[in-house]
Amino acid sequence: MEEARDRFANELVEMMVKAVQSSSAATAQFHDCAQTNMSRLVSAVTDTAVRSSEALIEWFKRPDDRAQKSLTFGQVKSAVEGRFERQVVSHRLHVALASGPLAETELVPEKVKLYFDLLSEIVNNALKYDGRERTRIRITPYVDEDIWGFTYSSLCSEVDVWDRAVKGDPYQSLSDALFRDSNSGLDKIAAISASITGAPATILAEKRRRAFHLRVPIGLMSGGRANDSA
């Protein structure tokens, strides 16, 4: 079954990428687009194809396949960097963890995929909207009264200032995650945060002059210590 899933993923991505590339030249000529712009579009669509195939493969996995192995937060970060390998290798992207035990924090096995999705969505949004040649993201844990989580900070080119609270509800199924209405970047992040905590959660986006901070709750504090949500 595992071999069949991998073969399906590879063949699906290959077919989707070939279809995009084969039509890109004709599309560029028809719309009089610059080849550079078309190459960027093809790259973006290719990345989307890869992410879509991963979601489809996850659909077919057995629950025990998803929950059999735990990883540390640092390992999940490395996996996400692998997903954005092209941007990392070209120095377009750098993700840093705050000093301390964060990198070695072990995650609950059945939530590893959620953490991967969470960090992937945050990185993807930063690459889209920071408006800078190079994207730098720093991840720092925080505690706010009875809630703990992570703050994701990055620089950006815009100088406007605003705060936005976005509430999310846990995903009920993979189809819900794929097709839920109002699934913007922040909506997705809030929903994944809620799925990790197992209850409705609110993320806080803080836009400052040329900086952006995103506070994402992960769990509740119990007796001064973080519970087992991680």
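Start counting the sequence shown at 3; every next residue gets the next number (our numbering). All C-beta atoms in this analysis are idealised placements derived from N, C-alpha and C, irrespective of residue type, glycine included. These figures come from a predicted structure and were not determined experimentally.
Listed in chain order, the non-local C-beta contacts of Ala81 below 7 Å within the same chain comprise Phe118, local neighbours out to five positions each way being set aside.
The Cβ neighbour count for Asn127, taken over all protein chains shown within 10 Å, is at least 16; the residue is labelled buried. Closest by C-alpha distance to Leu188, out of Val168, Ser197 and Ser175, is Val168. For the pair Leu95 and Val114, the CB atoms are not nearer than the 8 Å cut-off. According to the DSSP assignment, Ala201 belongs to no beta strand (DSSP E), since it is labelled neither H nor E. Short of 8 Å from the beta carbon of Thr204, and not among the five residues preceding or following it, lie these beta carbons of its own chain, in chain order: Ala167, Val168, Lys169, Gly170, Ala192 and Pro219. Between Leu129 and Gln174, the C-beta gap is not smaller than 8 Å, which leaves the two residues out of contact. The alpha-carbon of Pro111 is positioned some 18 Å away from that of Pro103.
When Cβ pairs closer than 8 Å are counted between the two stretches, the stretch 204-213 is seen to touch the stretch 149-169, the count reaching three or more. Note: Pro143 is bridge-paired with Phe152 in the DSSP secondary-structure output. Boundaries cannot be given for Asp171, as no alpha helix (DSSP H) includes it and DSSP labels it neither H nor E. Assignment of Arg217 by DSSP, reduced to helix, strand and coil, places it in the strand class.
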